[in-house]
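**Student:** Under numbering that gives the first Met the number 0, the residues of the sequence shown are numbered 0 to 345, in order.
Yeah, the Cβ is synthetic: ideal placement off N, Cα and C, and Gly gets one too.
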Amino acid sequence: MGNVARFAALSTKLDAISGRFLQEDDYEALLHKEKVTEVARYLKENTHYGNLLADVDPDDVHRGDLNLLLSKKVIEITEKIAHFTSHNYKELMKALLIRYEVEDLKLILRAISRNEDVRSLDPLFIHSKKFSHLDYEQLLSVSSIEDMVALLRGTIYEEAFRSITQEDLAVREFHAEMNLDFVYFKNLLKKSKSLSNEDRKILEELIGINIDLINLQWLYRAHKYYGLSPEEILNYTLPGGIRYKFSQLKDIVYQEDPVEAVISSAKYTYPKIVAMKDIYIERKIYQYLYDMFKKANRENRMNIAKLTSVLHFLEYEIRDIITIIEGIRYDMPVEAMKDFLIRNFD
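In structure tokens, the structure reads:
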């Protein structure tokens, strides 16, 4: 089946989803709310989040509960889109949803690392209940990394925990988390190879750029804040980058000033992510990815680019709403909040 035929029905569905995204006046309205309850009411009464918040009393909603509900919106939409796909493309949709399964596993890891009660995490999970095959009831009963490893044996996550002990987790919690990120991207790249040649190339480029940005951010922070050796830093990088292969990353970490080397290199490869202050780096990366998906969506109407772009646009919209909610919580000025938003309306 050709891409035009494959994406004809799906494209209509994606257009309908895109047509409901928040507009600039919605952003302005949310930015000028004074309470989280006012944000919840606006979203419920004026936006496509109304159905999601149908059973929520805006005057009695907790900030954390609202953020969690919003995060689940991406999973809900991804599951609906998966209904319009088949065969290898449905497998790709399942692979995209693994990202949220990974986030749940990270929550469990952190709880184990900090000797917290894993059972309390149940309300915080956001994985797809429709497509996940993990036994979450069993996972909620674990109390050690060894318990978790035993439960994940035979799954795609087994390799992420192969060499991690309880002692390792206490010292290098981020090691296990990055191993999980590796599993997600590795599986996504594997599924992309089963798509049409056109879609495979598009997806590999989009994923490769994403991995580049994650690795650059990791190199920067690892040197600046963690004091790790070059060997350790390289061990935690993700393979599959499009502009930064292992050799390029190795050159950077062995420079006399690796932090400056990251900045200097990024000025040529990804200049838009270079920020004057560390607090803006993550936002700059999301803004770059937003622009990348926007460009891909504009140039590719009947292929995988449109599907992945729409899902990411929804994710970034939700991130922006959560940023606004957090800004209101801390009484941030409107203009200061805007500095942390991903989406722009230029």
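Could you give the DSSP three-state label for H86: helix, strand or coil?
**Tutor:** Position 87 of the sequence shown, counting from 1, holds the residue named residue 86. Looking at H86 - three-state DSSP - the assignment turns out to be helix.
**Student:** According to DSSP, is H174 part of a helix, a strand, or is it coil?
**Tutor:** Taking the sequence shown and counting its residues from 1, the one referred to as residue 174 is at position 175. H174 falls in the helix class under three-state DSSP.
**Student:** Anyone know if the C-beta pair for A265 and L227 falls short of 8 Å?
**Tutor:** Counting from one through the sequence shown, the residue named residue 265 turns up at place 266. Counting from one through the sequence shown, the residue named residue 227 turns up at place 228. The answer is no: Cβ separation not under 8 Å.
**Student:** Between L191 and V60, what straight-line distance do the alpha-carbon atoms span, to the nearest angstrom?
**Tutor:** On the sequence shown, residue 191 is found 192 positions in, with the first residue counted as 1. On the sequence shown, residue 60 is found 61 positions in, with the first residue counted as 1. Note on identity: in this sequence residue 191 is Ser, with Leu being the wrong assignment. Rounded to the nearest angstrom, the two C-alpha atoms are 40 Å apart.
**Student:** List in chain order: all unbroken alpha helix (DSSP H) runs of 4+ residues lying wholly within the stretch 209-285.
**Tutor:** Entirely contained in the stretch 209-285, the alpha helix (DSSP H) runs reaching 4 residues are, in chain order, 229-234, 245-252, 257-268.
**Student:** From the DSSP output, in three-state form, read off M331 for me.
**Tutor:** The residue you call residue 331 lines up with position 332 of the sequence shown. Looking at M331 - three-state DSSP - the assignment turns out to be coil, as it is neither helix nor strand.
**Student:** Hey, would you say H126 sits closer than 8 Å to Y99, going by beta carbons?
**Tutor:** Residue numbering aside, residue 126 sits at position 127 when the sequence shown is read from its first letter. Residue numbering aside, residue 99 sits at position 100 when the sequence shown is read from its first letter. Yes, the pair counts as a contact, with Cβ atoms nearer than the cut-off.
**Student:** Look at I317 and S70 and say whether their C-beta atoms are less than 8 Å apart.
**Tutor:** As a working note, residue 317 is residue 318 in the sequence shown. As a working note, residue 70 is residue 71 in the sequence shown. Cβ atoms of I317 and S70: closer than 8 Å.
**Student:** Report all residues from its chain with a CB closer than 7 Å to the CB of Q137; omit the five preceding and five following residues, and keep chain order.
**Tutor:** Counted from its first residue, the sequence shown places residue 137 at position 138. If we look at Q137 and ignore the five residues flanking it on each side, its Cβ neighbours are L150.
**Student:** Measure the CB-CB distance between S162 and N87 and report whether it falls below 8 Å.
**Tutor:** Mapped onto the sequence shown, residue 162 falls at position 163. Mapped onto the sequence shown, residue 87 falls at position 88. No, these two residues do not count as a Cβ contact at 8 Å.
**Student:** When the Cα atoms are used, what is the spatial distance from I272 to R282?
**Tutor:** Looking up residue 272 in the sequence shown gives position 273. Looking up residue 282 in the sequence shown gives position 283. Rounded to whole angstroms, I272 to R282 spans 8 Å at the Cα level.
**Student:** Tell me, please, whether the stretch 7-27 touches the stretch 293-309 by the rule of three or more beta-carbon pairs shorter than 8 Å.
**Tutor:** Yes: the two stretches touch, three or more of their Cβ pairs being nearer than 8 Å.
**Student:** Return helix, strand or coil for R118, following the three-state DSSP convention.
**Tutor:** Within the sequence shown, the letter at position 119 stands for residue 118. Here R118 sits in helix by DSSP.
**Student:** Give the range of the alpha helix (DSSP H) segment to which K79 is assigned.
**Tutor:** Numbered from its first residue, the sequence shown carries residue 79 at position 80. Start and end: 62-81.
**Student:** Determine the direct distance from the alpha carbon of L202 to that of F312, and round the result to whole angstroms.
**Tutor:** On the sequence shown, position 313 is the one that residue 312 refers to. On the sequence shown, position 203 is the one that residue 202 refers to. The straight-line gap from Cα to Cα measures roughly 16 Å.
**Student:** Contact between the stretch 228-236 and the stretch 116-123 is defined here as three or more beta-carbon pairs at a separation below 8 Å; is this criterion met?
**Tutor:** Output reads no: the stretch 116-123 does not touch the stretch 228-236.
**Student:** One question on the structure: do G239 and I210 come within less than 8 Å of each other, judged by their Cβ atoms?
**Tutor:** Numbered from its first residue, the sequence shown carries residue 239 at position 240. Numbered from its first residue, the sequence shown carries residue 210 at position 211. In this structure, I210 lies closer than 8 Å to G239 by Cβ.
**Student:** If we ignore side chains and look at the alpha-carbon of each, how far apart do I213 and Y156 end up?
**Tutor:** The count along the sequence shown starts at 1 and reaches residue 213 at position 214. The count along the sequence shown starts at 1 and reaches residue 156 at position 157. Distance between the alpha carbons of I213 and Y156 is about 20 Å.
**Student:** For R113 and R297, I'd like the C-alpha separation in whole angstroms.
**Tutor:** By one-based count along the sequence shown, residue 113 stands at place 114. By one-based count along the sequence shown, residue 297 stands at place 298. Cα to Cα, the separation comes out at about 45 Å.
**Student:** Using the Cα positions of G18 and D25, report the straight-line distance between them to the nearest angstrom.
**Tutor:** By 1-based counting over the sequence shown, the position of residue 18 is 19. By 1-based counting over the sequence shown, the position of residue 25 is 26. If I take the Cα positions, the gap works out to 14 Å.
**Student:** What number of angstroms, rounded off, separates the C-alpha of E90 from the C-alpha of I80?
**Tutor:** By one-based count along the sequence shown, residue 90 stands at place 91. By one-based count along the sequence shown, residue 80 stands at place 81. So the alpha carbons of these two residues sit roughly 12 Å apart.
**Student:** In chain order, what residues of the same chain have a beta carbon less than 7 Å from the beta carbon of L237, not counting five sequence neighbours either side?
**Tutor:** Taking the sequence shown and counting its residues from 1, one reaches residue 237 at position 238. Closer than 7 Å at the Cβ level, and outside the excluded window around L237, lie D180, F181, F184, I210, I213, N214.
**Student:** Express the C-alpha separation of K34 and P332 in angstroms, rounding to a whole number.
**Tutor:** Numbered from its first residue, the sequence shown carries residue 332 at position 333. Numbered from its first residue, the sequence shown carries residue 34 at position 35. When rounded, the distance between both Cα atoms is 13 Å.
**Student:** Less than 8 Å between the beta carbons of N186 and I97, yes or no?
**Tutor:** Working through the sequence shown from its first residue, we reach residue 186 at position 187. Working through the sequence shown from its first residue, we reach residue 97 at position 98. Closer than 8 Å, so yes.
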